[in-house]
Amino acid sequence: MKPEDLLSDDFLKQFKTGQQLNDFLGQIQKRAIEKMLEGQLDGYLGYGMNEQSKSINTRNGYGKKKIKTHYGESEIQVPRDRDASFNPMIVPKRESMVEGIEEVIVSLYAKGMSISDIEEQIMDVYKFEVSTATISRITSRVAEDIVAWQNRPLEPVYLIVRMDGIVFKIRENSKVINKTV
0 MKPEDLLSDD FLKQFKTGQQ LNDFLGQIQK RAIEKMLEGQ LDGYLGYGMN EQSKSINTRN
60 GYGKKKIKTH YGESEIQVPR DRDASFNPMI VPKRESMVEG IEEVIVSLYA KGMSISDIEE
120 QIMDVYKFEV STATISRITS RVAEDIVAWQ NRPLEPVYLI VRMDGIVFKI RENSKVINKT
180 V
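Residue 0 is where the sequence shown starts when you use numbering that gives the first Met the number 0, and the numbers rise one by one after that.
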């Protein structure tokens with residue numbers, strides 16, 4: 000499935016209200032942030048999840064953190080290391096606001112950006128440098144999650160309401176306005 004297919008009319012018709020769409024986008028953002036954090040920890044520790052480590056500093060589970068974004072407040076799982084020296088760049092320690100992450104997620108999902116473009120985007124938005132290896136790990140984690148989401152079982156029936164109308168120009172209070180009937 001291509002990113003442009005994801006935003007097709009058929010896909011968007013499953014949402015009955017703007018709030019349902021907003022909640023859905025918030026869930027996607029939450030999952031993407033968590034996958035980015037996991038990829039960043041992979042780069043920081045130098046090995047992926049379920050791989051053997053020769054380092055003293057290893058993974059140490061997850062911590063919960065409430066963040067506020069454009070889509071509202073949500074609770075995310077932040078990966079930890081044993082030394083507690085891992086400082087996430089996307090959601091820094093002791094901060095709860097995620098500013099501009101929507102642009103990065105949209106760039107990662109919709110545009111199919113190259114690693115150098117993503118690196119520039121992060122530099123523009125967050126004002127810090129991230130290695131290309133870290134970006135590669137982050138994007139591969141997010142891509143794995145996208146494939147899993149695309150292969151999820153679908154509901155057997157989706158209700159669709161189709162509405163049609165005709166637009167007339169009507170004079171109201173000395174102004175001509177459009178009214179849909």
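Cβ coordinates follow ideal geometry from the N, Cα and C atoms, glycine included.
Would you report the Cα separation of V180 and R170, rounded to the nearest angstrom? 15 angstroms
Check whether the Cβ atoms of P87 and L36 sit closer than 7 angstroms, and answer yes or no. A contact, by the Cβ cut-off of 7 angstroms.
Taking one C-beta from the stretch 75–84 and one from the stretch 41–59 each time, how about it: are there three or more such pairs within less than 8 angstroms? yes
Specify, as a first and last residue, the run of the alpha helix (DSSP H) that K34 falls within. 17–44
Between G42 and A142, which are expected to be in contact by the criterion C-beta below 8 angstroms, what is the C-beta distance as a whole number of angstroms? Not quite, the Cβ-Cβ distance comes to about 16 angstroms (not below 8 angstroms), so this is no contact.
Could you name each continuous beta strand (DSSP E) segment of 3 residues or more that falls completely within the stretch 46–96, going from the start of the chain to the end? You should have 58–68, 71–80.
Anticipated Cβ contact below 8 angstroms, I75 with K64, distance rounded: 6 angstroms
Assigned exposure category for I32 - 16 Cβ within 10 Å defines buried: Buried, since its Cβ has 16 or more Cβ neighbours within 10 Å.
If contacts are defined as beta-carbon pairs under 8 angstroms, then G25 and R136 qualify, I think. What distance do you get, rounded to the angstrom? At roughly 24 angstroms, the Cβ-Cβ gap does not stay under 8 angstroms, so G25 and R136 are not in contact.
Please go through the same chain and pick out, in chain order, the residues whose beta-carbon is closer than 8 angstroms to the beta-carbon of K92, but skip the five residues on each side of it. N86
Can you tell which of K53, Y157, Y70, V90 has its C-alpha closest to the C-alpha of F10? The candidate whose alpha carbon is nearest that of F10 is Y157.
Spatial neighbours of G47 in its chain, beta-carbon cut-off 7 angstroms, leaving aside the 5 residues before and after: Listed in chain order, the non-local C-beta contacts of G47 below 7 angstroms within the same chain comprise D41, local neighbours out to five positions each way being set aside.
Hey, D144 and K12: beta-carbon distance below 7 angstroms or not? no
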